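According to full-length UniProt numbering, the residues represented by the sequence shown are 1 to 399, in order.
Down below is the structure, laid out as structure tokens.
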Amino acid sequence: MEGENSIINLTTIGVEDDVGTSEIIVVGGISLTEKFFSSLSLFFSCIMVCMCLAGAIMNTVSLFIFTRPSFRKRSINVLLSGLSASDLVLCILAIPVFCFSQLQQIIPGISFTMLAQILVYAYPVTIMAQTMSVWMLVSITVDRYLAVCHPFLVRVYCTTTRALLTTAVIFVFSVGYNFVRFWEYTISDDPNMPEEMLIVGLLRENQIYMVLYQNIAMLLTQFVLPLMVLCILNLQVAKTILEAGETRRELVASEKREHSTAKMMLFVVIVFIFCYMLSFCLNVLEIFNPDLFKNHIGFLLNDVNNILVVVNSSSSFIFYVKYSSRYRAQLRTMPVIAFFAARCCFENRNTNFSDKSGERSENYMTLTGYSSRQTVYTSATALDNSQVDTSLKPPVRKF
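What follows is the structure, given as structure tokens:
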């Protein structure tokens with residue numbers, strides 16, 4: 001995430017072309033170019049705030065569900081709870097870190113001094129959450145690889161204890177690796193400094209630090225290594241799932257469940273790769289062009305990149321709902337969801353009895369969606385509910 005460049009650049013600078021300084025039409029002391037890019041940046045900030053709020057709500061729901069006692073029995077759910085927690089922190093802190101510098105133009109009462117204090121200390125925590133999110137996804141991919149490609153090793157390596165240990169290690173690594181970022185920026189104590197220039201670079205003024213840590217080290221730890229692991233393991237998982245497609249009926253229930261979960265995570269990884277590809281390219285370009293984020297185009301690319309990162313952290317909820325019947329079932333038990341579900345007739349039953357054949361048609365809402373079941377009673381068993389043929393009840397898929 002290249003959001004650090006948007007933090008200190010609270011004002012817009014001039015634009016130059018290949019020949020020299022271009023002619024800029026000035027209206028009311030502000031060039032049309034600056035006004036256009038400022039409006040565009042404000043528009044992107046509003047979009048990002050909406051995405052962050054939606055992502056915070058969805059990740060809160062996911063964290064609540066994955067930490068339920070019935071979900072904590074599987075290693076994958078422990079890892080998913082860690083992913084939801086890191087994405088939740090990222091979505092919450094992304095609002096003040098990457099949006100307030102633009103939103104203060106339309107929201108009264110936000111002072112530059114308060115904004116500077118928030119940015120200096122919230123920015124490192126945001127990057128810590130992003131690092132944890134990336135490596136939590138890598139750990140989930142490893143877990144799914146073992147479950148699908150080496151099912152006999154699941155009981156040994158895919159345990160809740162190992163999942164908790166993995167989450168703790170990733171948390172410590174993310175905090176330790178990014179702790180130095182607390183010294184990247186500082187607040188100027190110069191009383192003559194304009195308010196919009198209160199934040200000044202500290203370590204970021206060091207060229208060696210920028211090249212070795214911000215560019216090369218970040219490129220390896222945030223993009224190259226994670227993407228290599230994600231691509232290699234997920235290709236193997238996808239291959240195994242496709243090969244098992246023709247013999248799916250021979251798979252035991254546990255294997256079908258693991259394949260379904262792996263398919264869900266494949267889509268999560270695809271979204272991750274798509275959303276982080278721009279960030280990867282921008283980091284590479286910044287190595288060869290350190291002044292990339294010192295012009296309007298750089299600011300624009302930076303805003304788009306930040307939005308994509310938030311989209312990645314907010315979109316997992318959609319795939320959980322799509323592919324996990326247990327997730328949907330738990331989601332319906334939440335008070336707010338249950339209220340709207342009742343309003344939408346999720347729990348309504350409509351029973352019709354036929355006078356001629358003694359046939360009862362019962363429409364009801366199952367955990368996996370709307371279903372219609374027909375149970376036939378003979379005249380001898382119509383009054384005995386204990387003799388109902390329960391084999392006709394559709395099986396419930398488990399996540």
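The beta-carbon is built from N, C-alpha and C at its ideal position, and this holds for glycine as well.
This one's a predicted model, so the numbers in the text were calculated from it and none came from an experiment.
- R144 is not a Cβ neighbour of A244, given a cutoff of 9 Å.
- Runs of alpha helix (DSSP H) with 4 or more residues, each lying fully within the region 91 to 160, are found at 100 to 103, 112 to 149 and 154 to 157, listed in chain order.
- With a contact defined as Cβ atoms closer than 8 Å, V310 and C52 qualify at about 6 Å.
- Distance check between M193 and each of F71, T113 and T240 places T113 closest, using alpha-carbon atoms only.
- I110 and Q104 have their C-alpha atoms some 6 Å from each other.
- The residue among W135, L233 and Y177 with its C-alpha nearest the C-alpha of L146 is L233.
- Under the three-state reduction of DSSP output, T186 falls in the strand class.
- Beta-bridge partners assigned by DSSP to G201: Y185.
- In this structure, V148 places its C-beta atom within 9 Å of the C-beta atom of I241.
- For L220, there is no enclosing alpha helix (DSSP H), as DSSP marks it with neither H nor E.
- Under the DSSP assignment, R326 falls in the alpha helix (DSSP H) whose first and last residues are S325 to T333.
- If the five residues before and after S188 are omitted, its C-beta is found closer than 8 Å to the C-beta atoms of M197, L198, I199 and V200, all from its own chain and listed in chain order.
- The beta carbons of I287 and N215 sit about 5 Å from each other, so the pair counts as a contact at 8 Å.
- In this structure Y185 is not in contact with R162, their Cβ atoms being roughly 38 Å apart against a cut-off of 8 Å.
- Look at M193 here: in three-state DSSP terms it is coil, with no helix or strand label.
- By a beta-carbon distance limit of 8 Å, S84 contacts F66. Their separation comes to about 6 Å.
- Annotation for T166: S139 place their beta carbon closer than 6 Å to its own, counting only its chain and skipping 5 residues before and after.
- Contact between the region 44 to 59 and the region 310 to 328 is present, with at least three C-beta pairs closer than 8 Å.
- For K35, the uninterrupted alpha helix (DSSP H) segment begins and ends at L32 to F66.
- Taken atom to atom, the span from the alpha-carbon of L266 to that of W135 is near 15 Å.
- C-alpha of I118 to C-alpha of V97: approximately 7 Å in a straight line.
- Taking 9 Å as the cut-off, the Cβ atoms of V229 and T159 do not count as close.
- Distance between R155 and R326, taken at the CA atoms: about 21 Å.
- Between L40 and L300, the gap from beta carbon to beta carbon is short of 9 Å.
- The shortest CA-to-CA distance from F152 to any of I47, Q222, E258 and D291 is the one to E258.
- CA-CA distance, P191 to T333, rounds to 56 Å.
- Collapsing the DSSP output to three states places F71 in coil.
- Look at P290 here: in three-state DSSP terms it is coil, with no helix or strand label.
- Less than 9 Å separates the beta-carbon of S279 from that of N305.
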